[in-house]
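All remarks here apply to the structure that follows.
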Amino acid sequence: FSISMNQFELEDELGKGNYGTVRKVLHKPTKVAMAMKEIRLELEDQKLNAILMELDILHRAVAPEIVEFYGAFFVEGCVYYCMEYMDAGSLDKLQGAGIQEPVLARISGAMVRGLKFLKDKLQIMHRDVKPTNVLVNRQGIIKLCDFGVSGQLEKSLAKTNIGCQSYMAPERIQGESVNNLGTYSVSSDVWSLGLSIIEAAMGKYPYPPETYANVFAQLTAIVQGDPPTLPDGFSDEACDFVARCLMKEPTRRATYSELLEHPFLIADSKRTDDEVDMRGWVEMAIEWREKERIKAAVTAELEL
Ligand code: ATP
Ligand code: MG
Numbered sequence: 193f194s195i196s197m198n199q200f201e202l203e204d205e206l207g208k209g210n211y212g213t214v215r216k217v218l219h220k221p222t223k224v225a226m227a228m229k230e231i232r233l234e235l236e237d238q239k240l241n242a243i244l245m246e247l248d249i250l251h252r253a254v255a256p257e258i259v260e261f262y263g264a265f266f267v268e269g270c271v272y273y274c275m276e277y278m279d280a281g282s283l284d285k286l287q288g289a290g291i292q293e294p295v296l297a298r299i300s301g302a303m304v305r306g307l308k309f310l311k312d313k314l315q316i317m318h319r320d321v322k323p324t325n326v327l328v329n330r331q332g333i334i335k336l337c338d339f340g341v342s343g344q345l346e347k348s349l350a351k352t353n354i355g356c357q358s359y360m361a362p363e364r365i366q367g368e369s370v371n372n373l374g375t376y377s378v379s380s381d382v383w384s385l386g387l388s389i390i391e392a393a394m395g396k397y398p399y400p401p402e403t404y405a406n407v408f409a410q411l412t413a414i415v416q417g418d419p420p421t422l423p424d425g426f427s428d429e430a431c432d433f434v435a436r437c438l439m440k441e442p443t444r445r446a447t448y449s450e451l452l453e454h455p456f457l458i459a460d461s462k463r464t465d466d467e468v469d470m471r472g473w474v475e476m477a478i479e480w481r482e483k484e485r486i487k488a489a490v491t492a493e494l495e496l
């Protein structure tokens, strides 16, 4: 069956990205809570139809580490994309409360398996690995979303900003300035994976914008500087794991199979669910996020 706007009851806004808004919605016919992403494209119907056709392969992207896709449609130049609602939100907003190594390893393992699935089963790269695209639910399950399945969609999304937080690999940043596409291969995703893991461990983006005069200086640090490392308190295995992801030279980075065989993830696979309290971590992180939200609201109020 096909989905359309009148089947949905719109609920809270879950977040805003560069290209649109994600809302929680209720799909009335099935009573399933979903997340609906609106992407403003302003294209003719023919182009939008081509995008919908490409998005169709998402129906084959079924894996425990991939956010489920329910369907997409368009209304007045906007594409609406419906996916599984992840009730703890994205990793970027959960990571500041602190994280123990076993939890970090669980998250890393899920990300590697998700990326390997995309590569092996769908022959696609993710292209946008970063903490906002790592979603979490209250059961402590970690899933990836927003991978590049549609070339048409990718082309239509104006590459307006690199943003103040770039997860792009050095070779991609360099390539970008040359041909506006960047040189891209799976190993570029591996860099972004490593950077996201470090961010989860530090609780903040590893190239803090405030330490650079401008975006150019920040990107230069990524391209020319030493790669970031895990903060104190993590094991040698964990440090080596991220170092294998963050090799400056793309061909030296680990493959997904190598990462799965790495002692950091082998140790994780030996821990039972009882030993790694993912639910407890999510609960704690949500509580912290709420407190931060309130603090920020009070500060904003005082500044008025
Ligand atoms: P960018 O536009 O650079 O990709 P982004 O990933 O933050 O950034 P969106 O993909 O539009 O932008 O998502 C906006 C926010 O909505 C995310 O940061 C996330 O917190 C939330 N979100 C997205 N998808 C879901 C989902 N399926 N369930 C719950 N929350 C979601
Ligand atoms: Mg996203």
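For the sequence shown, the residue numbers in UniProt numbering are 193 to 496.
Glycine included, C-beta positions come from ideal geometry on N, C-alpha and C.
- Proximity to residue 443 across 254, 361, 329, 237 peaks at 361, based on C-alpha coordinates.
- Within the segment 373-417, complete alpha helix (DSSP H) segments of at least 4 residues are found at 378-394, 407-416, given in chain order.
- Your pair residue 297 and residue 476 does not check out as a contact, with CB atoms roughly 17 angstroms apart and the cut at 8 angstroms.
- Annotation: the segment 324-355 contains the following complete segments of the beta strand (DSSP E) (minimum length 3 residues), in chain order: 326-328, 334-336.
- The beta carbon of residue 413 sits closer than 8 angstroms to the beta carbons of 399, 404 from its chain, once the five residues preceding and following it are set aside; these are given in chain order.
- Inclusion of residue 318 and residue 310 in the CB contact set at 8 angstroms is warranted, their separation being smaller than that value.
- Relative to the ligand ATP, even the nearest heavy atom lies 7 angstroms or more away from the CB of residue 397.
- Between residue 454 and residue 426, the gap from beta carbon to beta carbon reaches 8 angstroms or more.
- No Cβ-Cβ contact shorter than 8 angstroms links residue 379 with residue 321.
- Excluding sequence positions up to five before and after residue 256, its CB lies less than 6 angstroms from no other CB in the same chain.
- Assignment of residue 426 by DSSP, reduced to helix, strand and coil, places it in the coil class.
- Linking residue 285 to residue 221 through their CA atoms gives a straight-line distance of about 32 angstroms.
- Between residue 307 and residue 381, the beta carbon gap of about 6 angstroms places them in contact (Cβ cut-off 8 angstroms).
- Taking the Cα of residue 211 as reference, the smallest distance to any Cα among 197, 471, 229 is reached at 229.
- Residue nearest to residue 458 within the set 485, 430, 334, 258 is 430 (criterion: CA-CA distance).
- In the structure shown, residue 365 falls within a helical segment according to DSSP collapsed to helix, strand and coil.
- Membership of residue 321 in any beta strand (DSSP E) is not indicated, and neither H nor E is assigned to it by DSSP.
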